[in-house]
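Trainee: For the record, the sequence lines run as chains A and B.
The opening position of the first sequence corresponds to residue 232 in our numbering, with each subsequent residue numbered one higher.
The opening position of the second sequence corresponds to residue 268 in our numbering, with each subsequent residue numbered one higher.
Ideal Cβ positions, reconstructed from N, Cα and C, are used throughout, including at glycine.
Keep in mind that this is a model prediction, so the values were computed, not measured.
First the structure, which I've put down as structure tokens, then a few questions once you've had a look.
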Amino acid sequence: MNLERIFLIVIGNLFVSNFILARFLGLCPFVGCSKRTSDAFGMGVAVTFVMAMASLLTHTIDTYILRPQAPLLVWLAGADSPLAKDGLEAVLRTLVYILTIAAFVQLVEMFLKKNVPGLYRALGIYLPLITTNCAVLGVALLNTPDDPAEMLTLAEAVIQGTFAGLGFTMAMLLMSGIRERIEMLDLPPPMRGMPIAFVCTGLMALAFLGFQGMV
Amino acid sequence: MECKVNLRELTKGFFRENPLFVIVLGVCPSLATSGSLQTALAMGIAVIFVCVGSNVFISLIRKAVPGGVRIACYIVVISTFVTITDLFLKAYFPDISRTIGIFIPLIVVNCIMLGRAEAFASKNTVMDSLLDGIGMGCGYTLALLLMGVIRELSGSGTLFGIKVLPGYNPMTVMVSPPGAFLLLGILLGFFKWMQLRKAAAK
Chain A
232 MNLERIFLIV
242 IGNLFVSNFI
252 LARFLGLCPF
262 VGCSKRTSDA
272 FGMGVAVTFV
282 MAMASLLTHT
292 IDTYILRPQA
302 PLLVWLAGAD
312 SPLAKDGLEA
322 VLRTLVYILT
332 IAAFVQLVEM
342 FLKKNVPGLY
352 RALGIYLPLI
362 TTNCAVLGVA
372 LLNTPDDPAE
382 MLTLAEAVIQ
392 GTFAGLGFTM
402 AMLLMSGIRE
412 RIEMLDLPPP
422 MRGMPIAFVC
432 TGLMALAFLG
442 FQGMV
Chain B
268 MECKVNLREL
278 TKGFFRENPL
288 FVIVLGVCPS
298 LATSGSLQTA
308 LAMGIAVIFV
318 CVGSNVFISL
328 IRKAVPGGVR
338 IACYIVVIST
348 FVTITDLFLK
358 AYFPDISRTI
368 GIFIPLIVVN
378 CIMLGRAEAF
388 ASKNTVMDSL
398 LDGIGMGCGY
408 TLALLLMGVI
418 RELSGSGTLF
428 GIKVLPGYNP
438 MTVMVSPPGA
448 FLLLGILLGF
458 FKWMQLRKAA
468 AK
């Protein structure tokens with residue numbers, strides 16, 4: 232574990248390249264669910280959990296099944312076979328990742344419904360929306376780039392997932408606070424709702440540009 | 268008569284049901300790729316290809332897919348077309364592929380694809396789905412190009428990398444994330460204003 236790298240990942244995902252404000256990932260739930268602070272918090276918590284777990288699952292699958300020279304491919308076809316040399320990553324990565332995330336979200340939803348009904352009532356409505364949240368698939372893809380030299384370790388991947396999720400939650404909470412006040416303003420009708428939300432996001436992103444020199 | 272109906276399927280995506288400005292779908296990639304016209308155009312073409320391909324294929328298999336697993340089937344079909352696009356770009360246009368980065372694989376979770384598959388292609392004939400795919404894809408591309416022109420022209424004073432405004436001091440903020448958010452907010456407000464004006468005139 233390289234502490235310096237971990238620190239860079241944490242600060243990077245929270246402030247410098249915040250998933251919403253600098254990387255443009257997860258904007259649908261960001262504008263859709265940020266009208267009330269309670270909604271924003273629920274969505275943020277659910278997204279953070281799914282992003283951390285999705286990072287864990289997809290990184291493991293990538294390392295053991297999809298990479299060139301992955302243990303499963305070597306075991307199936309031998310180390311010198313074209314299958315083990317090329318790996319399945321280029322062809323199957325997108326498909327495997329999205330199916331993994333969809334299946335995981337479905338499982339969590341079923342588990343919560345049966346065993347923790349209280350939590351399900353609080354977070355359940357946000358879960359189905361998370362499957363098509365591009366922040367989740369985005370963090371899985373960012374954790375496992377094509378170039379093996381840039382690949383994160385499993386621990387780094389999970390930390391990146393968790394803190395990207397926390398950065399998302401932070402942006403959601405800030406935005407919901409602003410929007411609750413915007414509701415009371417007398418805006419020109421065409422700018423009400425979505426348009427003014429994006430303009431505010433722009434101003435927030437401008438403020439976050441100030442973090443750019445940190446890393 | 269029939270020709271007239273089909274033409275409406277084709278043109279509705281351009282303005283009346285523009286996926287980005289009116290339905291507000293596919294926001295993330297539109298902001299990320301409209302920093303320059305070149306990436307905006309590449310992303311637009313990728314979206315047209317995936318939208319048309321998946322629409323036609325889903326329409327072809329619509330009677331064979333059982334209702335319970337249809338969403339999973341749509342995702343598999345869409346991600347197949349996305350992977351084709353991704354590999355094609357990586358092989359022939361590696362620079363563009365590197366600039367757009369993860370937003371090509373992320374077409375899979377773009378609401379436009381799944382939305383059109385569920386709302387249109389699963390219920391209509393192959394021909395109509397083809398036109399719908401072309402219309403929606405082109406509408407999205409036009410929206411991307413509009414944002415791309417404004418951002419590249421004001422942010423770096425160029426079009427497709429060629430300097431067109433001599434002596435212009437570029438507003439760098441327009442090619443960075445805040446400019447993208449501000450521009451989208453203003454454009455959404457503009458389209459809303461057009462709609463409200465039309466409704467008031469009736």
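For I371 of chain B, which of helix, strand or coil comes out of DSSP?
Mentor: Of the three classes helix, strand and coil, the one that applies to I371 of chain B here is coil, per DSSP.
Trainee: E381 of chain A to I374 of chain B, Cα distance in whole Å?
Mentor: 23 Å
Trainee: Of all the options B:V289, B:G280 and B:K279, which has the alpha carbon lying nearest to the alpha carbon of I453 of chain B?
Mentor: B:V289
Trainee: With a 10 Å radius around its C-beta and 16 neighbouring C-beta atoms as the bar for buried, classify A428 of chain A as buried or exposed.
Mentor: buried
Trainee: Ignoring anything shorter than 3 residues or poking outside the region 357-386 of chain A, list the beta strand (DSSP E) runs there in chain order.
Mentor: none
Trainee: Using CA coordinates, which residue listed in B:G302, B:R283, B:L327 and B:L298 is at the minimum distance from S423 of chain B?
Mentor: B:G302
Trainee: When you compare each of A:L288, A:P299 and A:F246 to L440 of chain A by their alpha carbons, which one comes out closest?
Mentor: For the residues A:L288, A:P299 and A:F246, the minimum Cα distance to L440 of chain A belongs to A:F246.
Trainee: Taking V317 of chain B and F348 of chain B to be in contact with their CB atoms under 8 Å, please state how far apart those CB atoms are, rounded to whole angstroms.
Mentor: 5 Å
Trainee: How would you label N285 of chain B, buried or exposed, when you count the other beta carbons within 10 angstroms and need 16 or more for buried?
Mentor: buried
Trainee: By DSSP, does K279 of chain B sit in helix, in strand, or in coil?
Mentor: coil
Trainee: Alpha carbon to alpha carbon, what distance is there between I251 of chain A and T267 of chain B?
Mentor: Residue 267 of chain B lies beyond the residue range present for chain B, which begins at 268 and ends at 469; the question has no answer from this structure.
Trainee: Sort B:S321, B:A447 and B:M403 by Cα distance to F282 of chain B and report the nearest one.
Mentor: B:M403
Trainee: What does DSSP give as the partner residue(s) for I429 of chain B in the beta ladder?
Mentor: B:L426
Trainee: Assign F448 of chain B to one of two classes, buried (16 or more other C-beta atoms within 10 Å of its C-beta) or exposed (fewer than that).
Mentor: buried
Trainee: With burial defined as no fewer than 16 other Cβ atoms inside 10 Å of the residue's Cβ, what is the status of T393 of chain A: buried or exposed?
Mentor: buried
Trainee: Quick one: grab the DSSP three-state call for C270 of chain B.
Mentor: Confidence at C270 of chain B is low in this model, with a pLDDT of 49, below 50, so its placement is unreliable and the value that follows should be read with caution. Reduced to three states, the DSSP call for C270 of chain B is helix.
Trainee: Mapping DSSP to helix, strand and coil, what is Q462 of chain B?
Mentor: helix
Trainee: I want to verify the contact list: residues of chain B whose CB lies under 8 Å from the CB of I329 of chain A, in sequence order.
Mentor: I342, S346, V375 and V376
Trainee: With 9 Å as the threshold, decide whether the Cβ of K366 of chain B is near any Cβ in chain A.
Mentor: It should be pointed out that residue 366 of chain B corresponds to Thr in this sequence rather than to Lys. With 9 Å as the cut-off, T366 of chain B does not count as an interface residue toward chain A.
Trainee: Does the region 263-283 of chain A touch the region 339-356 of chain A, meaning 3 or more C-beta pairs lie closer than 8 Å?
Mentor: At 8 Å Cβ cutoff, the stretches touch.
Trainee: Rank B:K469, B:L304 and B:K390 by C-alpha distance to the C-alpha of I363 of chain B and give the top, closest one.
Mentor: B:L304
Trainee: Should A467 of chain B be labelled buried (16 or more other beta-carbon atoms within 10 Å of its own) or exposed?
Mentor: exposed
Trainee: Could you give the distance in angstroms between the alpha-carbon of P420 of chain A and the alpha-carbon of P296 of chain B?
Mentor: Spanning the alpha carbons of P420 of chain A and P296 of chain B requires a straight line of approximately 27 Å.
Trainee: Exposed or buried, what is D399 of chain B when buried is set at 16 or more other beta-carbons lying within 10 Å of its beta-carbon?
Mentor: Looking at its Cβ environment, which holds 16 or more other Cβ atoms inside 10 Å, D399 of chain B is buried.
Trainee: Going along the region 424-443 of chain A in order, which residues come within less than 9 Å of chain B, judged by CB to CB distance?
Mentor: For the region 424-443 of chain A, the residues whose beta carbon sits under 9 Å from a beta carbon of chain B are, in order, G424, M425, P426, I427, A428, F429, V430, C431, T432, G433, L434, M435, A436, L437, A438, F439 and L440.
Trainee: List, in order along the chain, the chain A residues whose C-beta lies closer than 8 Å to that of F316 of chain B?
Mentor: What F316 of chain B touches in chain A: nothing, since even the nearest Cβ is about 15 Å away.
Trainee: Would you list, in sequence order, the uninterrupted alpha helix (DSSP H) runs of no fewer than 4 residues that lie entirely inside the region 355-410 of chain B?
Mentor: Runs of the alpha helix (DSSP H) inside the region 355-410 of chain B: 361-367 and 378-383.
Trainee: If we ignore side chains and look at the alpha-carbon of each, how far apart do L450 of chain B and A301 of chain A end up?
Mentor: 45 Å
Trainee: Quick one: what does DSSP say M438 of chain B is sitting in, helix, strand or coil?
Mentor: Three-state DSSP puts M438 of chain B in coil, outside helix and strand.
Trainee: Unbroken alpha helix (DSSP H) runs of length 4 or more, entirely within the region 256-341 of chain A: which are they?
Mentor: 258-263, 268-292, 302-308 and 313-317
Trainee: What are the boundary residues of the alpha helix (DSSP H) that K311 of chain B is part of?
Mentor: In the sequence on display, residue 311 of chain B carries Gly and not Lys. Where G311 of chain B is concerned, the enclosing alpha helix (DSSP H) stretches over L304 to L327.
Trainee: According to DSSP, is I427 of chain A helix, strand or coil?
Mentor: Annotated three-state conformation of I427 of chain A is helix, per DSSP.
Trainee: Kindly indicate the opening and closing residues of the alpha helix (DSSP H) around F442 of chain A.
Mentor: Here F442 of chain A belongs to no alpha helix (DSSP H), and DSSP marks it neither H nor E.
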